[in-house]
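Taking it in order: structure first as structure tokens, then the write-up.
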Amino acid sequence: MIERTSDEQFSVLSGDDGLTLPICSLGGTGTISVVANVEPERTGAMVGAALAGHMDRARDLHYELAPLVRELFVETNPIPVKEAMAIREGHPPHVRSPLTRLSTEKRADLREALAALAAEPTPEVPA
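Quick note on numbering: full-length UniProt numbering labels position 96 of the sequence shown as 96, and the sequence is numbered without any gaps.
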């Protein structure tokens with residue numbers, strides 16, 4: 001699809017955070033992202049690096065984000081995103097029925113993924 005539309009005014013965006021890097025590396029032009037709600041700078045830097053041809057840097061960022069991406073899809077969206085934002089902001093998440101909070105175990109896994117990213121410096125978007 002990307003190759004067939006490369007001569008047209010047509011953009012291919014990733015809609016799956018786990019596929020953003022592969023899609024951008026094949027000519028995609030960006031993403032509609034869940035993980036960017038939680039890690040906008042890192043996600044933007046990954047996409048920016050890929051689009052600028054800095055594939056080693058993009059790959060490193062992709063692997064940094066991978067544990068968080070995994071944890072953001074253990075339940076129906078937006079439950080894990082709300083939980084992640086609440087963890088970062090230091091308060092319980094606001095979820096309305098029929099949504100529920102993450103289980104204690106899943107919340108611990110999410111905290112671990114967030115802590116791992118917090119230990120990494122915030123990347124800059126390549127020029």
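From the three backbone atoms N, C-alpha and C, an ideal C-beta is built for every residue, glycine too.
Source: prediction; values computed, not measured.
Straight-line measurement puts the Cα of residue 110 at about 30 Å from the Cα of residue 12. Taking a contact to require three or more Cβ pairs closer than 8 Å, the stretch 87-103 and the stretch 42-51 do not qualify as touching. Assigned with DSSP and collapsed to three states, residue 90 falls in coil, not helix or strand. For residue 31, the three-state secondary structure derived from DSSP is strand. From the listed residues 51, 108, 54, the smallest Cα separation to residue 67 is found for 108. In this structure residue 65 does not touch residue 83 by the C-beta definition: roughly 17 Å separates them, more than the 8 Å allowed.
Assignment of residue 14 by DSSP, reduced to helix, strand and coil, places it in the strand class. With contacts defined as CB atoms closer than 8 Å, residue 14 and residue 50 fail to qualify as a contacting pair. For the set 103, 21, 95, 62, the Cα lying nearest the Cα of residue 74 is the one of 103. Between the alpha carbons of residue 23 and residue 41 lies a distance of about 19 Å. Going by beta carbons, residue 58 and residue 99 fall outside the 8 Å limit.
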